[in-house]
Amino acid sequence: MKRRTGALTWIAAPFRAWNQRVTLALLGAAAIALLAVEKTSPMLAERARGAAADVVAPILDLLSRPSASAAHAIDSVRELARLREENAQLKEEQARLLQWQTVAKRLDHENEELRTLLKLAPDPRARFLTARVVGGSGGAFVRSILVAAGGRDGVRKNQTAVTGEGLVGRVSELGERAARILLLTDINSRVPVFVERTRERAILAGDNSDRMRLLYLPADITATVGDRIVTSGHGGVFPPGLPVGIITSTQGGVVQVQPYVDWEQLEYVRLVDYELSGLLLPMAGQEQPLGPR
Amino acid sequence: MTSTFWQRLDLLARNASPLAFTVLLLIVGLVPLRLPFLPPLGINLVLVSVYYWAIHRPSTLPAPALFIVGLAADLLGGGFLGINVLILLLTHAATVSARRWFVGASFAIVWWGYAVVATLAMLLAWMITMTLAGATADVTPGISGVLFGVGAYPLLATFFAHAQRALLR
Chain A
10 MKRRTGALTW
20 IAAPFRAWNQ
30 RVTLALLGAA
40 AIALLAVEKT
50 SPMLAERARG
60 AAADVVAPIL
70 DLLSRPSASA
80 AHAIDSVREL
90 ARLREENAQL
100 KEEQARLLQW
110 QTVAKRLDHE
120 NEELRTLLKL
130 APDPRARFLT
140 ARVVGGSGGA
150 FVRSILVAAG
160 GRDGVRKNQT
170 AVTGEGLVGR
180 VSELGERAAR
190 ILLLTDINSR
200 VPVFVERTRE
210 RAILAGDNSD
220 RMRLLYLPAD
230 ITATVGDRIV
240 TSGHGGVFPP
250 GLPVGIITST
260 QGGVVQVQPY
270 VDWEQLEYVR
280 LVDYELSGLL
290 LPMAGQEQPL
300 GPR
Chain B
122 MTSTFWQRLD
132 LLARNASPLA
142 FTVLLLIVGL
152 VPLRLPFLPP
162 LGINLVLVSV
172 YYWAIHRPST
182 LPAPALFIVG
192 LAADLLGGGF
202 LGINVLILLL
212 THAATVSARR
222 WFVGASFAIV
232 WWGYAVVATL
242 AMLLAWMITM
252 TLAGATADVT
262 PGISGVLFGV
272 GAYPLLATFF
282 AHAQRALLR
């Protein structure tokens, strides 16, 4: 009996090793095939990720709650340490903001009156939806977050994600219960913007670091460090005028922008439906909207 | 008959524990921890598990299981599909083939080996990402992720060693 088992192992061992090697080679080839699928038909990969997000969002939602409480606890200890300083700072800021409020009210009023004089077509109304962030970035070279709201809650693809501070990104993948938001800092993110003060147009591109770069700026730019960057609304994905960040350096022709949003503190984001038609090229097979003749 | 069935089930559960730890570390890497100065963890903790078990119990993480874990990491992390699959398969295969230098080696050498493996894996992910995206990506988050994994290695390895003694014998 014992000898027979021995004989079997003697025959089986090389076969098993060979089998394992073939399996490894096949699976490695499958991984490369997946990368090829990603390159050739990104829509397919996108749908798969949307479905996977649906499955795992409830689990992540549950798990992210205690971690959120822990983060809150750490924050409150930190805040306690500099309460007095912060109070003074806030008082000063409030005084400044009250001044701005008066200015804003006056301008709003004036704006409304001028609009009626001009018979300007009103901007479409925006609808809000607030969603909890349940998943962080899945890797060192991806900048995206997962939120616990999806198609059934009224989220649509390419909707704008904002916080009180400014633009976060846009909905890049959509499931029924969850959606993935591509952050501004991802290397696949491109947002049409302009420099608020000088009205110089550019494309804001992420490069996976905490800063973003301005591409396609005119050669003779006058924008300087400290200038605010806002969305321009070109392309129809983002509405115009959303605050994005400020210029932190303009050395060697590379203009770097620091976002207003603090990525570490993202807990809730607002998904805004500006009811923009979206001028992104429709995918093949989708109906093309009729343009004016 | 019944006892052999339960024995088999017991053995199966024990042998599946490395895979369970790996999946658990994958989920930990996905939850937004919102801790200050924490780099994006991504696959780094999973890589520690894959490396450890490739040295100590190579058969407990078969290639199909690694494929599924990698695919889950890709689907849930939002990156390009296939990157993490490739990295986990290659890490496991490379570590298994270099196993004879690590078995019985001092902890420092095994730890150093992990640093090398994790760095190579990160550089591979970096290059694939740039090739597919057609743009340059900043490598700093990758480096900080690797450093975090290397820092976490002694803690996780100690835990795995205890688990190995208790569960796998």
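Order-wise, the sequence lines are chains A and B.
Residues 10 to 302 (our numbering) make up the first sequence, in order.
Residues 122 to 290 (our numbering) make up the second sequence, in order.
All C-beta atoms, glycine included, are put in the ideal place defined by N, C-alpha and C.
query = Which whole-angstrom value is the C-beta distance of Glu205(A) and Leu226(A), which I expect to be below 8 Å?
reply = Not really, about 14 Å apart at Cβ, beyond 8 Å.
key: Proximal residues of chain A, C-beta to C-beta of Gly266(B) below 9 Å   = Gly148 and Ala149
ask   = Under three-state DSSP, which class holds Val204(A)?
value = strand
task = Taking only the alpha-carbon atoms, compute the straight-line gap between Leu299(A) and Leu191(A) and give it to the nearest angstrom.
result = Confidence at Leu299(A) is low in this model, with a pLDDT of 39, below 50, so its placement is unreliable and the value that follows should be read with caution. Those two C-alpha atoms are separated by around 29 Å.
ask   = Does the count of Cβ pairs from the segment 109-120 of chain A and the segment 154-163 of chain A closer than 8 Å reach three?
value = no
ask   = Is the number of C-beta pairs between the segment 197-214 of chain B and the segment 235-250 of chain B that are closer than 8 Å three or more?
value = yes
task = Please go through the same chain and pick out, in chain order, the residues whose beta-carbon is closer than 7 Å to the beta-carbon of Asp162(A), but skip the five residues on each side of it.
result = Leu138
task = Could you pull out every unbroken beta strand (DSSP E) segment of at least 3 residues lying fully inside the segment 92-171 of chain A, listed in chain order?
result = 136-144, 153-156 and 169-171
ask   = Using the rule of at least 16 other Cβ atoms within 10 Å of the residue's Cβ for burial, across every protein chain shown, is Gly250(A) buried or exposed?
value = exposed
Cβ pair Gly254(A), Gly175(A) closer than 9 Å = yes
request  = Helix, strand or coil for Phe280(B), going by three-state DSSP, please let me know.
outcome  = helix
key: Three-state class that DSSP yields for Leu130(B) in the structure shown   = helix
message = I'd like to know whether the C-beta of Asn167(A) is nearer than 9 Å to at least one C-beta of chain B.
response = no
ask   = What are the residues of the segment 190-221 of chain A that lie near chain B, defined by any Cβ-Cβ distance shorter than 7 Å?
value = Ile196, Asn197, Asp216, Asn217 and Ser218
task = State the start and end residues of the unbroken beta strand (DSSP E) segment that holds Ser258(A).
result = Pro252 to Ser258
inquiry  = Let me make sure I understand the geometry here. Which of Val237(B), Val260(B) and His283(B) has the alpha-carbon closest to that of Pro161(B)?
reply    = Val260(B)
ask   = Can you name the residues of chain A whose CB is closer than 7 Å to the CB of Leu196(B)?
value = Ala57, Arg58 and Ala61
Thr277(A) classed as buried or exposed, judged by whether at least 16 other C-beta atoms fall within 10 angstroms = Note that residue 277(A) corresponds to Tyr in the displayed sequence, not to Thr. That one is exposed.
message = Does chain B have any CB closer than 9 Å to the CB of Thr32(A)?
response = yes
ask   = Relative to the C-alpha of Asn217(A), which residue among Leu187(B), Leu276(B), Ile264(B) and Ala284(B) is closest?
value = Ile264(B)
request  = With distances taken Cα to Cα, identify the nearest neighbour of Pro201(A) among Glu185(A), Met221(A) and Glu182(A).
outcome  = Met221(A)
Where Val3(A) sits in the DSSP three-state scheme = Past the boundaries of the shown model lies residue 3(A); chain A is included only from 10 to 302, so the question cannot be answered.
task = Run down chain A in chain order and give the residues with a C-beta less than 7 Å from the C-beta of Thr257(B).
result = Asp216
query = Among Thr125(A), Ile256(A), Pro268(A) and Gln274(A), which has the Cα closest to the Cα of His81(A)?
reply = Gln274(A)
query = At what residue ranges does the segment 211-272 of chain B contain a whole run of the alpha helix (DSSP H), taking only runs of 4 or more?
reply = 220-223 and 228-254
inquiry  = Quick check on Leu226(A) - is its C-beta less than 9 Å from some C-beta in chain B?
reply    = no
Contact residues within the segment 233-267 of chain A, judged by C-beta distance below 9 Å to chain B = none
ask   = If we cut at 9 Å on Cβ distances, does Ala141(B) have a partner in chain A?
value = no
ask   = For the segment 162-186 of chain A, which residues have a CB atom closer than 9 Å to at least one CB atom of chain B, in sequence order?
value = Ser181 and Glu182
request  = Grab the span of the alpha helix (DSSP H) containing Ile190(A) for me, first residue to last.
outcome  = Here Ile190(A) belongs to no alpha helix (DSSP H); instead the beta strand (DSSP E) covers Ala188 to Leu192.
message = Can you give me the C-alpha to C-alpha distance between Leu140(B) and Thr231(A), rounded to a whole angstrom?
response = 57 Å
query = Where do the ends of the alpha helix (DSSP H) carrying Arg220(A) lie?
reply = Arg220(A) -> no alpha helix (DSSP H), and no H or E assigned at all.
ask   = Since Ser73(A) meets chain B, which of its residues come closer than 8 Å, beta carbon to beta carbon?
value = Val152 and Pro153
Sheet register partners of Val86(A) (DSSP bridge) = Bridge partners of Val86(A): none, in fact.
message = With three or more beta-carbon pairs closer than 8 Å as the criterion, would you say the segment 144-152 of chain A touches the segment 28-37 of chain A?
response = no
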